[in-house]
Structure formats: C-alpha cells, structure tokens
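When you line the sequence shown up against this note's numbering, it's residues -10 to 191, in that order. Below is one structure, written out as structure tokens; the observations come after it.
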Amino acid sequence: KRLVVLVSGSGTNLQALLDAIAAQGPEAYGAEIVAVGADRDSIAGLERAERAGLPTFVRKVKDYESREAWDAALTEAVAAYEPDLVVSAGFMKIVGKEFLARFGGRFVNTHPALLPSFPGAHGVRDALAHGVKVTGCTVHFVDDGVDTGPIIAQGVVEVRDEDDESALHERIKEVERRLLVEAVGRLARDGFRIEGRKVVIP
Ligand code: GRF
-10 KRLVVLVSGS GTNLQALLDA IAAQGPEAYG AEIVAVGADR DSIAGLERAE RAGLPTFVRK
50 VKDYESREAW DAALTEAVAA YEPDLVVSAG FMKIVGKEFL ARFGGRFVNT HPALLPSFPG
110 AHGVRDALAH GVKVTGCTVH FVDDGVDTGP IIAQGVVEVR DEDDESALHE RIKEVERRLL
170 VEAVGRLARD GFRIEGRKVV IP
C-alpha cells in the first residue's frame, strides 16, 4: 500500500513510521511512504522526509486566494502520488470538502487525547486543565468534523501531578507513535470496513 503522510511540526510520528518500514521492510509492514506533505516550510518533519530520500511538497494557506483553493491544491498534490492511505501525523490544518471527497474513508489522523474528549488543537492542554487522571491518544479516520471520525485505535496514558503540557505531551507521544505504526500497518495489511461509527479490521 502507498502512504502519503502530512506533517506540520517535528515529525516524530512520521519518523516512527519511517523506522518501522525500514526495520520490517515495506512488504512485511504492508505499506511504504511515497511522499510527505506539509502546510509550512522549515519544519523538522520535512527534514526527516528529505533524509529518508522521500519527495516532499508544501502547500501554504496564505499562498492561495481562498481556503477552498488551498484545499484543491492540497488535494491535487496528494493525489499526484496515488496513495491508498493518507496519514495526518501532526498535520495542523482542517481539510475541506474536496480533500474529503477524494480521500475520505482512507484519511487517518492521530490525536493526543482520548476522543471524543478534548478534540481540537489543544487536546493535551485541555485534558490537563480539566484535571483528568488518565488521557491518551486516538487514531481515527477523518470525517467532516474536527477529530470526530470513526475511531481505529486508542492508547491510555496516566497523568502525573507534576505534569505540565509538554511533559504530558511527550509521554503521550511515546504511546502515540507505537499506536499509529500498529494501526496503519493493520489497515494496510488486513484491509478494513467502516460501518457507521465502527471500524472493522478483519
Ligand atoms: C502529535 O502528538 C499529534 O497528535 C499532534 O501533534 C503532535 C505532532 O507531533 N497533533 P510530531 O510532529 O509527529 O512529532
């Protein structure tokens, strides 16, 4: 299976996928990353892709006269690589109708909270502020909401009294990287069905 991965930051989730595929081989893992895209320049995620010899592309919202035009450009850039699955690994933009029309049902996102709790761009901060005792991460299909699509996998992380946002997020990311690698591999190797809100992996 062909993966395109979208990033906006440090790219440690992308790196976990790259390392797993290199260690297992694309055949055994069930997928290979064919390109990495971003919504901004000069991020470690793009450097990680370049170091792995992968093609990269950047589509910045501010370069387009409308959000819809950006969405169309992102869709076209991703479609050029003919992916079977698109993975958002810390991609911090909400895609639009055209992208979902093209890749909906095979667009996977990872979120650093136990959805449906704490969706949005500050899931770790919101969980900490709420005083939860456990939080975690969620791998899910992207639908037309924000972090509302059918859930594929979740992992639990305990919150410690001394945690601040970055300490907790780093601990979540340790679980998240493994969860994403495992989930994407299973989807690629075993296939899947989405039945309403349920994701069925045979
Ligand atoms: C991940 O925790 C992701 O869930 C969140 O931002 C983080 C991205 O980390 N949206 P990285 O860029 O993969 O290191």
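Virtual Cβ for every residue (Gly too), placed ideally from N, Cα, C. Only a predicted model underlies this, so the values are computations on that prediction, with no experimental measurement involved.
The beta-carbon distance between E159 and N2, rounded to whole angstroms, is 13 angstroms. This is too long to meet the 8 angstroms contact definition. Per DSSP, the continuous beta strand (DSSP E) segment holding G144 begins and ends at 140 to 147. Using a Cβ distance threshold of 9 angstroms, G79 and S155 do not count as a contacting pair.
DSSP places H111 outside any beta strand (DSSP E), giving it a letter other than H or E. Ranked by Cα distance from G42, the options H129, P72, V131, L7 are led by L7. In the displayed model, V164 falls within a helix according to three-state DSSP. Separation of the CB atoms of T64 and L169 is rounded to 23 angstroms, and the pair is thereby denied contact status at 8 angstroms. With respect to the C-alpha of A102, the residue from I190, K(-10), V145 having the closest C-alpha is V145.
Nearest Cα to E147 within the set V128, H129, G120: G120. Around the CB of R56, fewer than 16 other CB atoms lie within 10 Å, so the residue is classed as exposed. When C-alpha distances from V173 are compared across D133, R149, T127, the shortest belongs to T127.
Excluding sequence positions up to five before and after D115, its CB lies within less than 6 angstroms of the CB of F107, all in the same chain and listed in chain order. Beta-bridge partners of V189 (DSSP): R182. At a Cβ-Cβ threshold of 9 angstroms, V(-7) and V76 count as neighbours. Bounds of any alpha helix (DSSP H) do not take in V135, whose DSSP letter is neither H nor E. For E71, there is no enclosing beta strand (DSSP E), as DSSP marks it with neither H nor E. Ranking G94, A68, R91, K51 by CA distance to the CA of K82 puts K51 first. For G125, the three-state secondary structure derived from DSSP is strand. Restricted to the region 5 to 75, the alpha helix (DSSP H) segments that are unbroken, complete and at least 4 residues in length are 15 to 18, 33 to 40, 56 to 68, listed in chain order. Relative to ligand 1, the beta carbon of G138 is positioned no closer than 8 angstroms to any heavy atom.
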